[in-house]
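Colleague: full-length UniProt numbering numbers the first residue of the sequence shown as 1 and each following residue consecutively. For glycine and all other residues, C-beta sits at the position ideal for the given N, C-alpha and C. Pasting a structure here, questions to come.
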Amino acid sequence: MNLSSAHPLSDGRTTRSPLVRALRGERPDSIPVWFMRQAGRSLPEYLAAREGVAMLDSCLDPALASEITLQPVRRHQVDAGIFFSDIVVPLRLADVDVDIAPGVGPVLGEPVRTPADVDRLLEKTLTDEALQPIRDAVALTVAELGSTPLIGFAGAPFTLAAYMVEGRPSRDHLGARRMMHTDPESWARLTTWAADVTGTFLRAQVLAGTSAAQLFDSWAGSLSLADYVAHVAPSSARALTHVQDLPVPVIHFGTGTGHLLPAMRDVGADVVGVDYRTPLDEANAMLGGTTPLQGNIDPALLGAPWPVLEAHVRDVVERGRTAPAHVVNLGHGVPPDTDPTVLTRVVELVHSLPA
């Protein structure tokens, strides 16, 4: 399917941007950099905008979601905006009883653990009408970004399913890992539903104007390679089929997934995000030297003395040169207590380095 003539990749606004070129495997004139969770609690303007507004409500208010997305682009001059949302937003849009409890994270009113629970879940659908606030927010944002690309955001099916099974955040995801083995049929039905919901959510963003898309599998690092391949990769691949007919590059990222990188690429990703645990030159070797990489500054070092952080950033960039292309990012999200001036300084450093 072709994108509309007004899409930034169709009218040329973002086609030659450093980010899009790097995601497509090129080496642009400057090294692109953005940060996961760049729109968030590290910014005083974010805290002011969010004051008195619940997280999911802010995600579904087009004007507010757009403003929050734009804030770090204005402040840091990063090479991309990342659409402000949350992994569980498509669940809320599909009428699943979910909320984000302050200090806890996503909490489900009714966890999905039995075949009957899955039956009830499958009665819910993500309608085109429900996606209108998402399309509106993307359109507002793209109109302001100009030649800076916007990246679409969605959670991978395993992470969505893990939240639904556990009912809340979990350190080891025992319930989800148990279900995939003890009731593989229900697990497959659950993750297929999650794949279609999150894939539809991502597709809506791309059609509305994002120039790239990123699938976040926050909890995949808890899995063995065998479990990932057998019980998770099929649904991740299904999610990405929702955007495979669109000419946008796809990034796939998970934390603690150094042992899964080739498998995560093989579900249909063009670019692999690498967390801070795996050096980029090692990740490149694991991937056969053929896949653009994104990452992987250690977020902990954002609070280190500048000479320590500068040396680390330079090392990340040097290791990234082994890959066909490289987008600088963190190896996880921006910690809430990060001094935003440090992020601006990192952007300036990366942009000053030879491409």
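Evaluate the contact criterion for the stretch 176 to 194 versus the stretch 150 to 165: three or more CB pairs, one atom per stretch, below 8 Å.
Modeller: At 8 Å Cβ cutoff, the stretches touch.
Colleague: Which same chain residues end up closer than 7 Å to D99 when comparing Cβ atoms and leaving out the 5 residues on each side of it in sequence?
Modeller: For D99, where only same-chain residues beyond five positions count, the Cβ hits under 7 Å are L56, V107.
Colleague: Anyone know if the C-beta pair for Q205 and I251 falls short of 8 Å?
Modeller: Taking 8 Å as the Cβ cut-off, Q205 and I251 do not qualify as a contacting pair.
Colleague: Once you ignore the five residues that flank G146 on each side, which residues in its own chain have a CB closer than 7 Å to its CB?
Modeller: Cβ within range, chain order: R13.
Colleague: Just verifying my parser: in three-state terms, what is the DSSP assignment at V308?
Modeller: The answer is helix: DSSP assigns V308 an H, G or I state.
Colleague: Fully enclosed by the stretch 24 to 108, which alpha helix (DSSP H) runs are 4 residues long or longer?
Modeller: Entirely contained in the stretch 24 to 108, the alpha helix (DSSP H) runs reaching 4 residues are, in chain order, 44 to 50, 55 to 59, 62 to 76, 89 to 93.
Colleague: How about V317 and I134: are their beta carbons less than 8 Å apart?
Modeller: Taking 8 Å as the Cβ cut-off, V317 and I134 do not qualify as a contacting pair.
Colleague: What are the residues that DSSP puts in a beta bridge with D270?
Modeller: Answer is none; D270 lacks a bridge partner.
Colleague: When the distance is taken between beta carbons, is C59 closer than 8 Å to S85?
Modeller: Cβ atoms of S85 and C59: closer than 8 Å.
Colleague: Can you have a look at L93 and say buried or exposed, based on whether 16 or more other CB atoms are within 10 angstroms of its CB?
Modeller: It is buried - the Cβ of L93 has at least 16 other Cβ atoms within 10 Å.
Colleague: Tell me, which residues are paired with F253 by DSSP?
Modeller: According to DSSP, F253 bridges with F216, G273.
Colleague: Does the stretch 336 to 343 come into contact with the stretch 288 to 307, if we say contact requires no fewer than three beta-carbon pairs (one atom in each stretch) closer than 8 Å?
Modeller: Enough Cβ pairs lie closer than 8 Å, so yes.
Colleague: Between the stretch 234 to 252 and the stretch 277 to 287, do three or more beta carbon pairs fall short of 8 Å?
Modeller: Judged by Cβ distances under 8 Å, the stretch 234 to 252 makes no contact with the stretch 277 to 287, as fewer than three pairs qualify.
Colleague: Are the Cβ atoms of S19 and A212 separated by less than 8 Å?
Modeller: One point to set straight first is that residue 19 is Leu, not Ser, in the sequence displayed. Contact: yes.
Colleague: Just checking my contact of M36 with N329 at CB under 8 Å: how many whole Å lie between their CB atoms?
Modeller: About 6 Å; that satisfies the 8 Å criterion.
Colleague: Going by DSSP, what residue range makes up the beta strand (DSSP E) through A154?
Modeller: From DSSP, the beta strand (DSSP E) with A154 extends over 150 to 155.
Colleague: Measure the CB-CB distance between L122 and R189 and report whether it falls below 8 Å.
Modeller: Closer than 8 Å, so yes.
Colleague: Flag this pair as yes or no: are the beta carbons of G155 and I68 separated by less than 8 Å?
Modeller: In this structure, I68 does not lie closer than 8 Å to G155 by Cβ.
Colleague: Between E129, D183, A63, which has its C-alpha nearest P115's C-alpha?
Modeller: Checked all of E129, D183, A63; the closest Cα to P115 is D183.
Colleague: Considering only DSSP beta bridges, list what N296 is partnered with.
Modeller: Its beta-bridge partners are N329.
Colleague: Whole beta strand (DSSP E) runs in the stretch 175 to 245 with 3 or more residues, listed along the chain?
Modeller: Those beta strand (DSSP E) runs which fall completely within the stretch 175 to 245 and span 3+ residues are 212 to 217.
Colleague: Does the Cβ-Cβ distance between S222 and D172 come in under 8 Å?
Modeller: Yes, they are a contact pair.
Colleague: Which same chain residues, not among the five before or five after V313, have their C-beta less than 8 Å away from its C-beta?
Modeller: Cβ within range, chain order: I297, V328, V346, L349, V350.
Colleague: Which same chain residues, not among the five before or five after V118, have their C-beta less than 7 Å away from its C-beta?
Modeller: Correct list, in chain order: V112, S186, R189, L190.
Colleague: Measuring alpha carbon to alpha carbon, tell me which of Q244, I82, G254 ends up nearest G34.
Modeller: Checking the sequence shown, residue 34 turns out to be Trp, not Gly. Looking at the Cα atoms, I82 is the closest of the given residues.
Colleague: Going along the chain, which residues of its own chain have a beta-carbon closer than 7 Å to the beta-carbon of L47, five neighbours each way excluded?
Modeller: So the list reads R41, once near-sequence residues are dropped.
Colleague: What is the residue span of the alpha helix (DSSP H) that V350 lies within?
Modeller: Here the alpha helix (DSSP H) through V350 covers 340 to 352.
Colleague: Taking just the CA atoms, how far does L261 sit from L246?
Modeller: Going from the Cα of L246 to the Cα of L261 covers about 23 Å.
Colleague: How should L91 be labelled, buried or exposed, when 16 other C-beta atoms within 10 angstroms of its C-beta is the threshold for buried?
Modeller: Its Cβ being crowded by 16 or more others within 10 Å, L91 is buried.
Colleague: The alpha helix (DSSP H) spanning P115 covers which residue range?
Modeller: First-last of the alpha helix (DSSP H) with P115: 115 to 122.
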